[in-house]
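Q: Mind having a look at this structure? Questions to follow.
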Amino acid sequence: MLSYIVRRLLWGLVIIWLVTLIVFFVIRLLPGDPLLIYLAQNQDINSMPREQIDALYREYGLDKPILVQYANWVFNLLRGDLGLSITYRQNVGKLMLERLPVTLHVGMTGFIVSLVPGVLVGLIAAMRRASWIDNVVTIISYTGIAIPVFWLAYILIYVFGLRLKWLPIAGYVSPFEDFWLSTKHLIMPVICISLPGIAATARQMRSSVLEIASQDYVRTAWSKGLAEKAVVCRHILKNSLIPIITLLGMRIGFIFGGSVIVENIFAIPGMGRLLVGSIFAQDYVVIQANALIMAVIIILSNLLVDISYGWFDPRIRYD
Amino acid sequence: MERLLEVKDLKTYFNTDDGLLKAVDGVSFYVDEQEIIGVVGESGCGKTVTQLSVMQLIARPGKIVGGEVIFEGRDILKYKPHGEEMRAIRGGKIAMIFQEPMTSLNPVLTLNQQLSESLMLHLKMNKEDARKRAIELLRLVGIPSPEARIDDYPHQFSGGMRQRVMIAMGLSCNPKILIADEPTTALDVTTQAQLLELMTEMVERFRSSLIIVTHNLGVVARYAKRIYIMYAGKIVEEGTCKEIFKHPRHPYTIGLLNSVPRLDTVGKRLVPIEGLPPNLTNMPDYCAFLPRCPYKTEKCRTSPMPDLRDVPGEGHRVRCYVDIAEVDNVTVK
Chain A
1 MLSYIVRRLL WGLVIIWLVT LIVFFVIRLL PGDPLLIYLA QNQDINSMPR EQIDALYREY
61 GLDKPILVQY ANWVFNLLRG DLGLSITYRQ NVGKLMLERL PVTLHVGMTG FIVSLVPGVL
121 VGLIAAMRRA SWIDNVVTII SYTGIAIPVF WLAYILIYVF GLRLKWLPIA GYVSPFEDFW
181 LSTKHLIMPV ICISLPGIAA TARQMRSSVL EIASQDYVRT AWSKGLAEKA VVCRHILKNS
241 LIPIITLLGM RIGFIFGGSV IVENIFAIPG MGRLLVGSIF AQDYVVIQAN ALIMAVIIIL
301 SNLLVDISYG WFDPRIRYD
Chain B
1 MERLLEVKDL KTYFNTDDGL LKAVDGVSFY VDEQEIIGVV GESGCGKTVT QLSVMQLIAR
61 PGKIVGGEVI FEGRDILKYK PHGEEMRAIR GGKIAMIFQE PMTSLNPVLT LNQQLSESLM
121 LHLKMNKEDA RKRAIELLRL VGIPSPEARI DDYPHQFSGG MRQRVMIAMG LSCNPKILIA
181 DEPTTALDVT TQAQLLELMT EMVERFRSSL IIVTHNLGVV ARYAKRIYIM YAGKIVEEGT
241 CKEIFKHPRH PYTIGLLNSV PRLDTVGKRL VPIEGLPPNL TNMPDYCAFL PRCPYKTEKC
301 RTSPMPDLRD VPGEGHRVRC YVDIAEVDNV TVK
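Sequences listed follow chains A and B, in order.
In terms of the numbering used here, the first sequence opens at residue 1 and continues consecutively.
In terms of the numbering used here, the second sequence opens at residue 1 and continues consecutively.
Written as structure tokens, this is what we have:
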């Protein structure tokens with residue numbers, strides 16, 4: 001087990017290295033120059049002395065050949081230094097530390113909220129197959145999968161924010177400052193993040209339960225005279241959760257991808273918002289750091305998912 | 001004398017897209033206390049569905065549409081399939097073990113969890129007692145060092161061992177009847193023999209009756225007291241084991257016997273039954289075996305499906321117009 005985790009982590013390092021390569025070189029393929037974009041926002045470049053601009057290039061290390069830039073970046077990374085943001089003129093590590101908790105707060109709440117309802121709804125739909133409950137669940141879950149997040153977000157803002165005025169339309173408040181207000185701010189973003197997850201989990205769970213329910217060992221369970229509750233909870237549930245775990249592992253990735261849209265719509269100062277801003281400003285350093293952190297989180301959560309398989313399915317051995 | 005279990009005119013139909021499939025169409029049989037009977041027929045003849053109907057374990061689109069299943073004097077088909085009374089019988093009074101030992105045990109639960117749950121449910125044992133009893137049962141069915149292995153998962157056992165576990169599970173609550181549906185089909189031949197021996201030994205010890213469902217006449221020859229031969233959802237011949245083997249009277253039974261190797265006919269070719277089992281939707285009015293029958297007469301073609309009729313021999317009945325005992329034995333290759 002331990003050697004398995006170590007091996008997976010080593011592979012993770014290889015993947016992260018590949019991510020650094022791709023991110024570093026691909027963003028530099030884009031036309032444009034981050035420093036010029038930054039300067040152009042603040043002053044007239046043409047009137048700026050040449051030496052001043054050159055000094056800035058040197059300060060950010062952008063005057064060096066690209067391979068040297070890459071080596072410098074990786075070397076600094078290994079020392080724990082994520083670099084200096086061009087637009088924010090700040091250490092990127094500090095920028096991330098401010099924004100990562102926000103994204104995790106919104107994202108993980110969305111993730112947790114999507115777990116139980118999806119599993120439960122799918123289970124009920126499968127156990128009452130072809131009943132009206134099943135039909136309603138099917139319609140709602142297909143709708144949930146099909147609705148684009150940005151559209152849902154604007155509908156929610158219009159209905160609950162502008163018309164009913166129940167919820168704040170945008171912004172973020174830390175739960176340590178004002179828990180109640182923070183939660184009110186969280187409701188709509190969390191709905192947007194969790195709804196597709198709930199819908200997809202419900203679909204997957206339904207078909208998984210149906211498949212398990214027709215297995216021989218479930219017939220054995222019925223033949224023992226167990227009540228429906230016992231058959232479902234002991235014999236069907238655990239087996240049918242196995243494919244769901246895979247889905248959940250992938251959802252963690254979606255949360256960070258989805259946070260880009262949700263954070264921008266609801267003006268939440270998280271990593272997704274930072275990423276979009278940095279892409280427009282071509283702030284290389286921030287984009288690189290952002291991609292790197294997401295890669296690390298996704299690799300770790302996938303490892304966690306793979307380990308949790310072993311708990312659900314004793315047939316899985318880690319060696 | 002009152003029968004322990006008497007099934008009368010049982011009908012289980014499946015409403016399929018291709019029409020009504022009469023999987024079990026008027027089957028009657030009985031089992032006495034501590035008796036071993038065999039139900040024999042090829043795949044799809046309705047023998048498994050018959051037994052599942054007795055347990056009321058028929059899933060949609062199947063439905064028990066008629067008949068009675070009288071167990072200990074009461075018609076248990078009157079009980080709701082998931083009601084309290086039926087559940088007390090299922091697993092408690094009538095237990096069933098299935099064909100596929102590889103898939104009939106839950107892969108994510110330990111043997112202890114799977115054995116104990118019946119004991120706790122039917123015999124109201126607590127956890128520790130159930131565990132002790134489960135170990136005891138595993139020892140009885142010949143699992144080596146059961147104390148150590150009771151917390152193992154099914155995939156850590158071979159097919160034969162798993163079927164032993166299934167037998168232990170079936171007998172755990174001391175049922176009056178054990179239904180074994182193709183208990184040895186998925187196993188290799190030496191294991192088959194051991195398991196049959198074990199199973200009959202165990203039902204004797206537990207004073208249970210045993211219904212062996214199989215497609216292999218050889219399996220029941222040694223142990224069953226009486227045999228029912230099924231074809232296309234109906235019983236076509238019934239009688240004592242001896243009668244069936246010595247004086248088979250239905251062409252299908254004769255076909256079955258000719259297609260199994262026998263020690264007294266070494267060197268002869270096995271003769272398969274020509275043709276395929278019929279499609280159970282849209283069955284003709286005449287005898288279902290007619291298209292494959294080597295003895296068919298003009299009467300068979302023009303008459304409806306024959307009824308079971310008494311023939312000489314104890315309890316021997318056959319569903320055939322032709323008196324095969326009078327047709328010369330030469331035709332039986």
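Each residue gets a CB set at the ideal place from its N, CA and C atoms; glycine is no exception.
Owing to the predicted nature of the structure, the values given are computational and were not obtained by experimental measurement.
Closest to B:Met161 by CA distance: which of B:Ser145, B:Cys173, B:Gly19 is it?
A: That would be B:Ser145, whose Cα lies nearest to the Cα of B:Met161.
Q: If distances are taken between C-alpha atoms only, which option among A:Leu303, A:Ser85, A:Trp132 comes closest to A:Leu56?
A: Among A:Leu303, A:Ser85, A:Trp132, the Cα nearest to that of A:Leu56 is on A:Ser85.
Q: Would you call A:Ile316 buried or exposed, if buried means 16 or more other Cβ atoms sit within 10 Å of its Cβ?
A: Per the 10 Å Cβ criterion, exposed.
Q: For A:Ala267, count neighbouring C-beta atoms within 10 Å of its own C-beta (all shown protein chains included) and say buried if the count is 16 or more, exposed if not.
A: A:Ala267 should be labelled exposed.
Q: Does the CB of B:Met55 have a neighbour CB from chain A at under 8 Å?
A: Answer yes: the Cβ-Cβ gap between B:Met55 and chain A drops below 8 Å somewhere.
Q: What's the C-alpha gap between B:Asn126 and B:Met120?
A: So the alpha carbons of these two residues sit roughly 6 Å apart.
Q: Does DSSP put B:Glu2 in a helix, a strand or coil?
A: Coil.
Q: Spatial neighbours of B:Lys93 within its chain, please: CB distance less than 6 Å, with the 5 preceding and 5 following residues excluded, ordered by chain position.
A: Answer for B:Lys93: Pro175, Lys176, listed in chain order.
Q: Please check the pair A:Leu36 and A:Tyr60, which I expect to be a contact at CB under 8 Å, by giving their CB distance rounded to whole angstroms.
A: Going by Cβ atoms, the distance from A:Leu36 to A:Tyr60 rounds to 12 Å, so no, they are not a contact pair.
Q: Quick one: grab the DSSP three-state call for B:Thr331.
A: Because B:Thr331 sits at a pLDDT of 43, beneath the cut-off of 50, its placement in the model cannot be relied upon, and the following sentence gives the value as read from the coordinates. If DSSP states are grouped into helix, strand and coil, B:Thr331 belongs with the helices.
Q: Measuring only the C-alpha atoms, how far is A:Asp313 from A:Asp306?
A: When rounded, the distance between both Cα atoms is 11 Å.
Q: Sorted by chain position, which residues of the same chain lie with C-beta nearer than 6 Å to A:Val159's C-beta, five sequence neighbours on each side aside?
A: Around A:Val159: no qualifying Cβ.
Q: Expressed to the nearest angstrom, what Euclidean distance is found between the alpha-carbon atoms of A:Ile155 and A:Val6?
A: Computed Cα separation, rounded: 46 Å.
Q: Figure out for me which residue from A:Phe254, A:Arg206, A:Phe256 has the closest Cα to the Cα of A:Ser240.
A: The option with the nearest alpha carbon to A:Ser240 is A:Arg206.
Q: Answer yes or no: does any C-beta atom of chain A fall closer than 8 Å to that of B:Pro284?
A: With 8 Å as the cut-off, B:Pro284 does not count as an interface residue toward chain A.
Q: Hey, out of B:Asp285, B:Arg226, B:Leu217, whose CA is closest to B:Leu257's CA?
A: It is B:Leu217.
Q: I need the straight-line Cα distance from B:Asp328 to B:Glu42, nearest angstrom please.
A: Bear in mind that the predicted position of B:Asp328 carries a pLDDT of just 45, short of 50, making it unreliable; the figure below should be weighed with that in mind. Cα to Cα, the separation comes out at about 26 Å.
Q: Ignoring anything shorter than 4 residues or poking outside the stretch 229-255 of chain B, list the alpha helix (DSSP H) runs there in chain order.
A: Those alpha helix (DSSP H) runs which fall completely within the stretch 229-255 of chain B and span 4+ residues are 241-246.
Q: On the DSSP bridge list, what partners appear for B:Asn279?
A: Paired residues: none, contrary to the question.
Q: Using a Cβ-Cβ cut-off of 6 Å (strictly less than) and excluding sequence neighbours within five positions of A:Ile157, which residues of its own chain qualify?
A: The answer, listed in chain order, is Ile169.
Q: Cβ of B:Ser208 less than 8 Å from any chain A Cβ?
A: Output row for B:Ser208: interface = no.
Q: Which residues in chain A have a C-beta closer than 8 Å to the C-beta of B:Glu117? List them in chain order.
A: The contacting residues are Lys224, Leu226, Ala230, Arg234.
Q: Touching or not, the stretch 251-268 of chain A and the stretch 96-106 of chain A, by the rule of three or more beta carbon pairs under 8 Å?
A: Yes, they touch.
Q: In this structure, does DSSP put B:Asn112 in helix, strand or coil?
A: In the structure shown, B:Asn112 sits in a helix (DSSP, three-state: H, G or I).
Q: Since A:Gln41 meets chain B, which of its residues come closer than 7 Å, beta carbon to beta carbon?
A: Per Cβ cutoff of 7 Å: no residues; A:Gln41 is ~59 Å from chain B at best.
Q: To the nearest angstrom, how far is it from the Cα of B:Leu290 to the Cα of A:Arg219?
A: About 35 Å.
Q: Along the chain, where does the alpha helix (DSSP H) that runs through A:Glu263 open and close?
A: Note, A:Glu263: alpha helix (DSSP H), 237-265.
Q: Can B:Ala148 and B:Ala232 be called in contact, C-beta distance under 8 Å?
A: In this structure, B:Ala232 does not lie closer than 8 Å to B:Ala148 by Cβ.
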